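Chemist: The structure is given below, and queries will be raised subsequently.
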Amino acid sequence: MSAEQKSGAEMLIRALKDQGVDVIFGYPGGAVLPIYDALFQQNDIQHILVRQEGGAVHAAEGYARSTGKVGVVLVTSGPGATNAVTGLTDALMDSIPIVCLTGQVPTHLIGNDAFQEADTTGITRPCTKHNYLVKAVADLPRTVHEAFYVARSGRPGPVVIDLPKDVVQAKTDHYIGPEEVKHRSYRPQTKAEDSKIAEAVEMIAKAKRPIVYAGGGVINAGPKASELLTRFVRQLGVPCTNTLMGLGAYPGSDPQFLGMLGMHGTYEANLAMYNCDVMINIGARFDDRVTGRLDEFSPRSKKIHVDIDASSINKNVMVDLAIVGDAGSVLEDMLAAWNARKLQLDQKALKAWWQKIDEWRACDCLKFEQKGQEIKPQHAIKRLYELTRDRSPFITTEVGQHQMWAAQYFKFEKPNHWMTSGGLGTMGYGMPAAMGVQRAHPDALVIDVAGEASILMNIQELSCIAQYNLPVKVFIVNNQWMGMVRQWQELLHGGRYSESYTASLPDFVKLAESFHAVGIRCEKADELDDKIMEMIETPRPVVFDCAVTKDENCFPMIPSGAAHYEMLLGPDDKAGKPISEEGMVLV
Amino acid sequence: MANHKDQAIESRTIAVLVDNEPGVLARVIGLFSGRGYNIESLTVTEIDPRQRFSRITIVTSGTPQILEQIKAQLDRLVPVHRVSDLSLDGPSVERELALVKVAGTGEKRVESLRIADIFRARVVDSSHDHFVFEMTGKSEKLDVFIDLMQPLGLVDVSRTGVVAISRGPQGL
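Note that the protein sequences, when read in sequence, are chains A and B.
Quick note on numbering: the numbering used here labels position 401 of the first sequence as 401, and the sequence is numbered without any gaps.
With positions in the second sequence counted from 1, the corresponding number in the numbering used here is that position plus 587.
The following block contains the structure:
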């Protein structure tokens, strides 16, 4: 190691390179100028200049989710850091590995209400997995390596490193590499106990109506975990459902796949969850969108819960067998244990179970009727899927009806191709996330399925997309309403549509053109396919404004506070089933 | 499957070994306030300056399911080394220290000293018209003592909160 004196900023860049970082999403400002100066003087790490710090975090999330690597963000102190808070919370809820570097006023000014000062570690403490304030330049390299380790290991999450300006300007000759850093206290358990694995396979072997319920934990465990899940489900011949976060963990077009479960999940997935006798939860967290009313959630099943985060177990739903470990490692061990014991499921019972499931499937809960020239939103998204599936596109979404329709009608064959804000439900997530995905996969087809309301929340990032010539496709399902808000107002608030209509929407074609992108407007059903093809074949960023039926609701739906079997299958189903007062309180 | 609403509320004493780094206490307290858990008592101080370990003792209450959540949530905080449920993992000793100031003269003053003697409280400061008693014991004993001082001129109370350690030869 050379004894040459380097600035904290240079040490930071060196540490990032040693962590394999090749891109940072960020926005400069006073407190981070020394870091930007160090970035300027090197060529290994590219900086993508977003247009608002919130966009930087979502872009890093998209990058991380589509690659499995840690996404890196660089923002300045004060407003730079506070603008990042929504993205950090989003990454925490969805377990996305992010390292966010925030500038800070010099150490001697901390606490003095200095210009652009905010208590960043205080503000971000509850919305990060961990955070650091670096007070001495000698601590900087170790802190960076620790932060990457914390962000990506165990249940991944965002980590903030707050960097006072004097610390990044100070000189040091002290550098340590990633391999020299061992965390003092944080060592998550990834390998499950053998006895638990044995107990699990014995429990599964006795099942007559088993179901695998797999979530984002499988995706986070790496592509091999998805392969193992697929092998496990196929070998046992059992049905499998995925959460919103888990889509792609099991091949979407496989006959054993029941689709997504939960509030807008399929009828067959939810009824199979309700009626199963053994539930094998791998890397999902019994979210309220999945369980519906808790006391009626799969009341007669034995439940096995595999999770790398012990605090996810027995949080909402009490389970019979808790297995703490990495989804991939546990699946590998379960397969080995199953085969070593030569276990077999009761084939007769399994056949009867599949017959039951096929009956539920026959109701074809995602059916809709496309008539005439007015485009149904479901039709638009279904055609988008059918016309792009051969290109194995990366799909991001905003939040609302379009997000649920995308989850319902797209079938993901592989993990890491579906990026959506699941836990936090952040409108404005999709387009910056798509930027990050496109930066990671320059030649891939990357589509943000958007609503006209959500897209306006981070519309400024079209400018970033143009600057880096990222050929992102923004597919706006435009019904002129905040569709999900309108739907809830229709179902729960007597059709009093308070503030859910957006008057004075922009002309999205002109808007696209002003941002150097291509704008396409589609209003007629028989133009849809051609225009989608035109979008796909345009090697530039495209904003596709698809005018759809204004008052379409998203079905199936489990109303809030209802049980899985109380699903509404369509608009005619809602009569005579008033939503309980308890349900009204829920979000 | 029991719904946690039906479970009885229990009180527990939890010991947490943490790195003594900036913000660690805020992390623990933020966890309790953010997730709506109760803190009945919380004490913290460094116990190993060389290794920078601090020990936090928390007395909390909740249903068994919530208490398990609290322990799991504490355990996943990055600077936490160990979490131990002293109420559940075997017998333990719990102590609290109180400093109690009683002001008065005449018969009340004599009576406060007499009761302090019964409770084995020590006088750590006094003048002609006040005493400061130091007393160590279980929290309930401190409660009783303070109650008895109330009519005798109780002026001020300062309590440490509970510290606890397991019985037997094993460490945390």
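The C-beta atom is built at its ideal place from N, Cα and C for all residues, glycine as well.
None of the values given here were measured: they were computed from a predicted structure.
Among A:Pro506, A:Gly483, A:Asp507, which residue has its Cα nearest to the Cα of Glu499 of chain A?
Modeler: Cα-wise, what sits closest to Glu499 of chain A is A:Gly483.
Chemist: Mind checking if Glu582 of chain A is an interface residue toward chain B, Cβ cutoff 7 Å exclusive?
Modeler: Chain B, which has no Cβ nearer than 7 Å to the Cβ of Glu582 of chain A, makes this no.
Chemist: With the cut-off set at 7 Å, would you say Lys165 of chain A and Ala38 of chain A are in Cβ contact?
Modeler: No; because the gap between Cβ atoms is not below 7 Å, this pair is not in contact.
Chemist: Listing by chain order, which chain B residues have their CB less than 7 Å from the CB of His130 of chain A?
Modeler: Simply Val665.
Chemist: Output the boundary residues of the beta strand (DSSP E) element that contains Ile24 of chain A.
Modeler: Looking at the DSSP string, the run of the beta strand (DSSP E) that includes Ile24 of chain A is 23 to 26.
Chemist: Return the first residue and the last residue of the beta strand (DSSP E) that Pro158 of chain A is part of.
Modeler: Residues 158 to 164.
Chemist: Taking only runs of the beta strand (DSSP E) that begin and end inside the stretch 223 to 310 of chain A, which ones reach a length of at least 3 residues, in chain order?
Modeler: Entirely contained in the stretch 223 to 310 of chain A, the beta strand (DSSP E) runs reaching 3 residues are, in chain order, 240 to 242, 257 to 260, 278 to 282, 302 to 307.
Chemist: Between Arg707 of chain B and Gly724 of chain B, what straight-line distance do the alpha-carbon atoms span, to the nearest angstrom?
Modeler: In a straight line, the C-alpha of Arg707 of chain B is about 10 Å away from that of Gly724 of chain B.
Chemist: Which chain A residues are close to Gly617 of chain B, counting only those with a beta carbon under 8 Å from its beta carbon?
Modeler: Arg125, Pro126, listed in chain order.
Chemist: Listed from N- to C-terminal order along the chain, which residues in the stretch 313 to 325 of chain A have their beta-carbon within a distance smaller than 9 Å of any beta-carbon of chain B?
Modeler: So the list reads Ile313, Asn314, Lys315, Val317, Met318, Val319, Asp320, given in the order they occur along the chain.
Chemist: Please report how far the alpha carbon of Phe640 of chain B lies from the alpha carbon of Thr420 of chain A, in whole angstroms.
Modeler: Cα-Cα distance, rounded: 40 Å.
Chemist: Assuming the contact rule is C-beta atoms closer than 8 Å, Leu88 of chain A and Arg231 of chain A should be a hit. Round their C-beta distance to whole Å, please.
Modeler: Not quite, the Cβ-Cβ distance comes to about 35 Å (not below 8 Å), so this is no contact.
Chemist: With a threshold of 16 other CB atoms inside 10 Å of the CB of Met584 of chain A, please say whether the residue is buried or exposed.
Modeler: Flag for Met584 of chain A reads exposed.
Chemist: Using a Cβ-Cβ cut-off of 7 Å, state whether Gln656 of chain B counts as contacting chain A.
Modeler: Yes, Gln656 of chain B counts as interfacial toward chain A.
Chemist: How many angstroms separate the CA atom of Glu513 of chain A from the CA atom of Thr243 of chain A?
Modeler: Whole-angstrom Cα-Cα distance: 37 Å.
Chemist: Are the beta-carbon atoms belonging to Val99 of chain A and Phe148 of chain A less than 7 Å from one another?
Modeler: Against a cut-off of 7 Å, the Cβ pair of Phe148 of chain A and Val99 of chain A comes out as a contact.
Chemist: Return no unless some Cβ of chain B is closer than 7 Å to the Cβ of Ser185 of chain A.
Modeler: Yes, Ser185 of chain A lies at the interface with chain B (some Cβ there is under 7 Å from its Cβ).
Chemist: Tell me whether Gly71 of chain A sits in a helix, a strand or coil according to DSSP, three-state version.
Modeler: Three-state DSSP puts Gly71 of chain A in a strand.
Chemist: Do the CB positions of Cys554 of chain A and Met404 of chain A come within less than 7 Å of each other?
Modeler: Going by C-beta atoms, Cys554 of chain A is nearer than 7 Å to Met404 of chain A.
Chemist: Within the stretch 656 to 743 of chain B, note down every full alpha helix (DSSP H) run reaching 4 residues or more, in order along the chain.
Modeler: Entirely contained in the stretch 656 to 743 of chain B, the alpha helix (DSSP H) runs reaching 4 residues are, in chain order, 693 to 705, 726 to 736.
Chemist: Who are the near neighbours of Val233 of chain A in its chain, counting only those whose CB is closer than 7 Å to its CB and skipping five residues on each side?
Modeler: Closer than 7 Å at the Cβ level, and outside the excluded window around Val233 of chain A, lie Val212, Cys240, Tyr250, Gln256.
Chemist: Could you tell me the alpha carbon to alpha carbon distance between Ser185 of chain A and Glu534 of chain A, rounded to whole angstroms?
Modeler: If I take the Cα positions, the gap works out to 54 Å.
Chemist: How about the stretch 313 to 324 of chain A and the stretch 161 to 180 of chain A: do they share at least three Cβ pairs that are nearer than 8 Å?
Modeler: With a cut-off of 8 Å, the stretch 161 to 180 of chain A and the stretch 313 to 324 of chain A do not count as touching, because too few Cβ pairs lie within range.
Chemist: For Asp635 of chain B, go through chain A and note every residue whose CB falls closer than 7 Å to its CB, in chain order.
Modeler: In chain order: nothing, as chain A lies at least about 12 Å away.
Chemist: Can you name the start and end residues of the beta strand (DSSP E) that Ser648 of chain B belongs to?
Modeler: Segment 640 to 649, the beta strand (DSSP E) holding Ser648 of chain B.
Chemist: At what residues does the beta strand (DSSP E) containing Glu597 of chain B begin and finish?
Modeler: First-last of the beta strand (DSSP E) with Glu597 of chain B: 597 to 606.
Chemist: Can you name the residues of chain B whose CB is closer than 8 Å to the CB of Val310 of chain A?
Modeler: Here the sequence assigns Ala to residue 310 of chain A, which means Val is not the residue at that position. The answer, in chain order, is Ala659, Asp662, Arg663.
Chemist: Pick helix, strand or coil for Glu369 of chain A, following the three-state DSSP scheme.
Modeler: It is coil, neither helix nor strand.
Chemist: Under 7 Å, Cβ to Cβ, is there at least one residue of chain B near Val167 of chain A?
Modeler: Answer no: the Cβ-Cβ gap between Val167 of chain A and chain B never drops below 7 Å.
Chemist: Drop a sphere of 10 angstroms on the beta-carbon of Ser195 of chain A, count the other beta-carbons inside from all chains shown, and report buried for 16 or more, exposed for fewer.
Modeler: So Ser195 of chain A counts as exposed.
Chemist: Looking only at C-alpha atoms, which of A:Ser580, A:Pro188, A:Lys411, A:Asp530 sits nearest to Leu664 of chain B?
Modeler: It is A:Pro188 whose Cα lies nearest to the Cα of Leu664 of chain B.
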